[in-house]
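Peer 1: Below is one structure. I have some questions about it.
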Amino acid sequence: MLLGQSGSGKSTLLSLICGIVLPDSGDVAVIGQKISALRPSARDRFRAETIGLVFQQFNLLPYASVADNILLPLRFAPARRARVDDPLREAARLCRALDLPEAALGQSAGRLSVGQQQRVAVARALIGAPPLIVADEPTSALDAETQTAFLDLLFAQVRAVGASLLMVSHDPRLGARFDRVLQISTIVRPLSRPTS
Amino acid sequence: MILRLAIASLRARALTVGLTILSIALSVTLFLGVEKIRIGAQQSFEGTISGTDLIFGARAGSVQLLLHTVFRIGTPTNNVTWESVQDVAARPEVAWVVPISLGDSHFQFRVMGTTAAFFDRFRYRGTQTLRFASGQAFDDLFDAVIGADVAAELGYQEGQPIVLSHGIASFVAHEDWPFRISGILARTGTPLDRTVIVSLEGLEAIHVDWQGGGRRPGSPTPKAALRAMDLTPQSVTAALVGVESRLHIFQLQRWINGYRQEPLMAILPGVALSELWQIVGLAEIALRAVSAMVVITALFGMTASTFASLNERRREMAIWRANGGSPGTILGLLVLEAVLMGVIASLIGIALVHAVLFAIRPLIDSTFGLWLPIGWPGAQELMIVAVVIGTGALASLLPGWRAYRMSLADGMMVRT
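If you're matching them up, the sequences are chains A and B in order. Residues in the first sequence are numbered from -15 upward in steps of one, following our numbering. Residues in the second sequence are numbered from -16 upward in steps of one, following our numbering.
Here is the structure:
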């Protein structure tokens, strides 16, 4: 887990890890792959294949069905797609595992409650078993009880898939559930811009 | 899947997208409608006379000869002597000759003298033959056949007597020898609708007592005496010619043009009509330009509304990016949406133009004598629609490019 206050650079770090933002200098390596060296299209592909992302909120395309939302990354990740025999059935299985009503699959994602939307986002991150799940404050939009239930489900499923979970939060109480907790302030030093 | 998502995305913005599609659809309807009417008008115009291989008359401009003999517009050309007509008719290439004589009028309508063969030989719109709404062709010296407009505008019935006027727009009438309406032609959509047709002999008969421009003094020749006279005309205005074999048209045309006894000129009606249409048809270019501008305006509207929607769709783009979509995916999505809108709008436009045509076709036919063909969309319409969709897709590259840049800059970090 990555702990830090807002504005401390957590999101920028996540963007770097996901290969959406490139470092001005230095390298970024994810699972042994130097992503800053990849061409843009290869980086997009790499992200689709290896990382399942869950944002704070507004994770889903509101006009698309829940099923289409869950299946979206498979469109860009052939290897993840190949790991799933029947994508629709797998989406349904994930929904069940995440305590979502199966009827929700056909619904418009925009109609779901925030808690349900977050769980759909988790299902999307997990489908095709990418090795890394990145979650950016996934619980901050949820109330306390839902938070716990959500995290229980998240942990159970991440474990079931065998993925690593990198979660960003500003809530130190969650740290007990993680193998490693890093304070962002210990790894990030604010850099004054070179003046010359 | 991308297609399904694009459709879902359009449906989610049903109101703005619907209005955009509607404006494009209406502009496509306008453009296709103009095209349909233009083509219909041209076909109707060029179908004014058909089945006639050559028209010959005294030497004049080909357009003038055509205007005078077919449209009965403009000043009369010189006459052609009866001997010349006979000479042409005697040529081996010639299948038939129908002489026509113009010069008199009946109210605002022109009078045309011809032979009974005219009713068999005349064709319009390809292979359409003349039909009688009532009555039949003339068979008495003083019989007249009138066109549909003449009957409708003057309220004439079969059997009614009418008096022809000497010359055009004159107050001198041939009141001594009224004609009887023997038949009324069904509507053709050609200038024949506005013509009174009599026999050459009848026309000759009413001019027996005339010399030059005036009436000879003395009492009129009685009808019985007229019927006993040889009323073969001295000259006619022009003649329609049919050839035995189309291969001989040019040969005959050359022969007529080189005729020694008097200066003659033969024209191919189809060619002369096309020449004339190029003059008349200038207005069509303006019409097409205006309707094309309307289509472009509608496409601009689509581009503008796509631009306007970009900001509220930043979050959506970030989601695409986070799940592995490249900026190109987002560009493609926007172009795909534009193509979808263009396709839907074009389909609506085609349906609409056909529905409107179907509804107003009888009205246009009876008012303008213009029969607009309704068929499956032809190659040209599909071309137009393809250009509209293609232009829409091209126009969507502008907001698409903007979205591309935005999604590169924003990445996943849009907080909305």
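Glycine included, each C-beta is placed from N, C-alpha and C at the ideal position. Keep in mind it's a predicted model, so treat the numbers as computed, not measured.
Residues bridged to D120/A by DSSP?
Peer 2: For the purposes of this step, residue 120/A is identified with residue 136 of the first sequence, where counting begins at 1. Partner(s): V152/A.
Peer 1: Could you tell me whether the Cβ of R410/B comes closer than 7 Å to any Cβ of chain A?
Peer 2: Here chain B comprises residues numbered -16 to 399, so residue 410/B is not present and cannot be evaluated.
Peer 1: Taking L355/B as the reference, which of A272/B, R108/B, P252/B, R(-13)/B has the closest Cα?
Peer 2: Taking the first residue of the second sequence as position 1, residue 355/B is located at position 372. For L355/B, the nearest C-alpha among the options comes from R108/B.
Peer 1: So, for D49/A: in the same chain, excluding its five sequence neighbours on each side, which residues have a beta-carbon less than 8 Å away from its beta-carbon?
Peer 2: Within the first sequence, residue 49/A is the residue found at index 65, counting from 1. According to the sequence shown, residue 49/A is Ser rather than Asp. L89, G90, Q91, S92, A93.
Peer 1: Alpha carbon to alpha carbon, what distance is there between I1/A and I327/B?
Peer 2: Counted from its first residue, the second sequence places residue 327/B at position 344. Counted from its first residue, the first sequence places residue 1/A at position 17. Each residue's alpha carbon lies about 42 Å from the other.
Peer 1: Would you tell me roughly how many angstroms separate the C-alpha atoms of S228/B and I83/B, rounded to the nearest one?
Peer 2: The residue given as residue 228/B occupies position 245 in the second sequence. The residue given as residue 83/B occupies position 100 in the second sequence. Their Cα atoms are separated by approximately 23 Å.
Peer 1: Mapping DSSP to helix, strand and coil, what is T173/B?
Peer 2: On the second sequence, position 190 is the one that residue 173/B refers to. Coil at T173/B, not helix or strand.
Peer 1: So, at 6 Å on beta carbons, what are the nonlocal neighbours of A378/B in its own chain, with the 5 sequence-adjacent residues on each side left out?
Peer 2: As a working mapping, residue 378/B is identified with position 395 in the second sequence. Cβ within range, chain order: L282, T286.
Peer 1: Counting contacts by CB-CB distance shorter than 7 Å, is A(-9)/B in contact with chain A?
Peer 2: Taking the second sequence and counting its residues from 1, the one referred to as residue -9/B is at position 8. So, interface residue.
Peer 1: Decide if Q141/A is buried, meaning its Cβ has at least 16 other Cβ atoms within 10 Å, or exposed.
Peer 2: As a working note, residue 141/A is residue 157 in the first sequence. Q141/A is buried by the Cβ-count criterion.
Peer 1: CA-CA distance, G142/B and A120/B?
Peer 2: Within the second sequence, residue 142/B is the residue found at index 159, counting from 1. Within the second sequence, residue 120/B is the residue found at index 137, counting from 1. About 12 Å.
Peer 1: Are there 16 or more other CB atoms within 10 angstroms of the CB of A128/A, so buried, or fewer, so exposed?
Peer 2: As a working note, residue 128/A is residue 144 in the first sequence. Classification for A128/A: exposed.
Peer 1: Classify P156/A: buried if its beta carbon has 16 or more other beta carbons within 10 angstroms, exposed otherwise.
Peer 2: Reading the first sequence from its first residue, position 172 is the one you call residue 156/A. Answer is exposed; the Cβ neighbour count stays below 16.
Peer 1: For G185/B, tell me which candidate among S202/B, M212/B, A78/B, R385/B has the shortest Cα-Cα distance.
Peer 2: What you label residue 185/B is simply residue 202 of the second sequence in a count that begins at 1. It is M212/B whose Cα lies nearest to the Cα of G185/B.
Peer 1: Please name the residue in A321/B, S218/B, A255/B, V371/B whose C-alpha comes closest to that of I32/B.
Peer 2: Position 49 of the second sequence, counting from 1, holds the residue named residue 32/B. Considering only alpha carbons, the answer is A255/B.
Peer 1: Cβ of S309/B less than 7 Å from any chain A Cβ?
Peer 2: Position 326 of the second sequence, counted from the start, is the residue given in the question as residue 309/B. At least one chain A Cβ lies under 7 Å of S309/B.
Peer 1: Using a 10 Å radius around the Cβ and a threshold of 16 neighbouring Cβ atoms, would you call L(-2)/B buried or exposed?
Peer 2: Looking up residue -2/B in the second sequence gives position 15. Classification of L(-2)/B: exposed, given that the 10 Å Cβ count is below 16.
Peer 1: Taking 7 Å as the limit between beta carbons, can you name the residues of its chain near P400/B, skipping five residues before and five after?
Peer 2: For chain B, the structure presents residues -16 to 399; residue 400/B sits outside this window and is missing.
Peer 1: In this structure, what does DSSP give as the bridge partners for G118/B?
Peer 2: Here residue 118/B refers to the residue found at position 135 when the second sequence is read from its first residue. Partner(s): G166/B.
Peer 1: With distances taken between CB atoms, is the gap from H154/A to Q40/A smaller than 7 Å?
Peer 2: If you number the first sequence from 1, residue 154/A lands on position 170. If you number the first sequence from 1, residue 40/A lands on position 56. It is not a contact, given that the beta carbons lie outside the stated cut-off.
Peer 1: For the alpha helix (DSSP H) that G198/A lies in, which residues bound it at each end?
Peer 2: Outside the displayed range of chain A (-15 to 180) lies residue 198/A, so it cannot be described from this structure.
Peer 1: Who are the near neighbours of T173/B in its chain, counting only those whose CB is closer than 6 Å to its CB and skipping five residues on each side?
Peer 2: Residue mapping note: residue 173/B aligns to position 190 of the second sequence, counting from 1. Counting only Cβ-Cβ distances below 6 Å, and skipping sequence neighbours, we find T31, Y107.
Peer 1: Rounded to the nearest angstrom, what separates G307/B and I171/A at their Cα positions?
Peer 2: Counting from one through the second sequence, the residue named residue 307/B turns up at place 324. Counting from one through the first sequence, the residue named residue 171/A turns up at place 187. Answer to the nearest angstrom: the Cα atoms are 27 Å apart.
Peer 1: Is the Cβ of I327/B closer than 7 Å to any Cβ of chain A?
Peer 2: Taking the first residue of the second sequence as 1, we reach residue 327/B at position 344. Chain A contact via Cβ: absent.
Peer 1: Only counting runs of 3 or more residues, tell me where the beta strand (DSSP E) segments fall wholly within the region 353 to 398 of chain B, in order along the chain.
Peer 2: Listed in chain order, the beta strand (DSSP E) elements of length 3 or more contained wholly in the region 353 to 398 of chain B amount to none.
Peer 1: Using CA atoms only, rank isn't needed, just tell me which of T312/B, M389/B, I331/B, V226/B is closest to L(-12)/B.
Peer 2: For the purposes of this step, residue -12/B is taken as residue 5 along the second sequence, with counting starting at 1. Per the Cα distances, T312/B.
Peer 1: Taking the C-alpha atoms as reference points, what is the distance between M275/B and L85/B?
Peer 2: Indexing the second sequence from 1 puts residue 275/B at position 292. Indexing the second sequence from 1 puts residue 85/B at position 102. One point to set straight first is that residue 275/B is Ala, not Met, in the sequence displayed. Roughly 43 Å separates the two Cα atoms.
Peer 1: How close, in whole Å, do the beta carbons of A222/B and V46/B come, if the pair is a contact with beta carbons under 8 Å?
Peer 2: Position 239 of the second sequence, counting from 1, holds the residue named residue 222/B. Position 63 of the second sequence, counting from 1, holds the residue named residue 46/B. Actually they do not touch by this definition, with Cβ atoms about 18 Å apart.
Peer 1: Return the chain-ordered list of same chain residues with a C-beta closer than 7 Å to the C-beta of A51/A, the five sequence neighbours on each side being excluded.
Peer 2: Taking the first residue of the first sequence as 1, we reach residue 51/A at position 67. Once the five neighbours on either side are set aside, the close Cβ partners of A51/A are L72, A75, L89, G90.
Peer 1: Any idea if S6/B is buried or exposed, counting beta-carbon neighbours within 10 angstroms, 16 or more meaning buried?
Peer 2: Taking the first residue of the second sequence as position 1, residue 6/B is located at position 23. When all chains shown are included, S6/B counts as buried.
Peer 1: Does A392/B have its Cβ less than 7 Å from a Cβ in chain A?
Peer 2: Within the second sequence, residue 392/B is the residue found at index 409, counting from 1. With 7 Å as the cut-off, A392/B does not count as an interface residue toward chain A.
Peer 1: Evaluate D11/A with the Cβ neighbour count: other Cβ atoms within 10 Å of its Cβ, from every protein chain shown; 16 or more gives buried, anything less gives exposed.
Peer 2: As a position in the first sequence, residue 11/A is number 27, starting the count at 1. By the 10 Å Cβ count, D11/A comes out exposed.
Peer 1: Which whole-angstrom value describes the C-beta separation of V77/B and V68/B, a residue pair presumed to lie in contact below a C-beta threshold of 8 Å?
Peer 2: Numbered from its first residue, the second sequence carries residue 77/B at position 94. Numbered from its first residue, the second sequence carries residue 68/B at position 85. Contact doesn't hold; Cβ gap of about 11 Å is too wide.
Peer 1: Hey, out of L37/B, T52/B, P205/B, I4/B, whose CA is closest to L175/B's CA?
Peer 2: To locate residue 175/B, count along the second sequence from 1; it is residue 192. Taking L175/B as reference, the option from L37/B, T52/B, P205/B, I4/B with the minimal CA-CA separation is T52/B.
Peer 1: For G401/B, list the residues DSSP reports as bridge partners.
Peer 2: As shown, chain B starts at -16 and ends at 399. That puts residue 401/B outside it, with no answer to give.
Peer 1: Using the beta-carbon of each residue, which ones in chain B are nearer than 9 Å to P115/A?
Peer 2: Here residue 115/A refers to the residue found at position 131 of the first sequence. Neighbours of P115/A on chain B: none; closest Cβ ~14 Å, over 9 Å.
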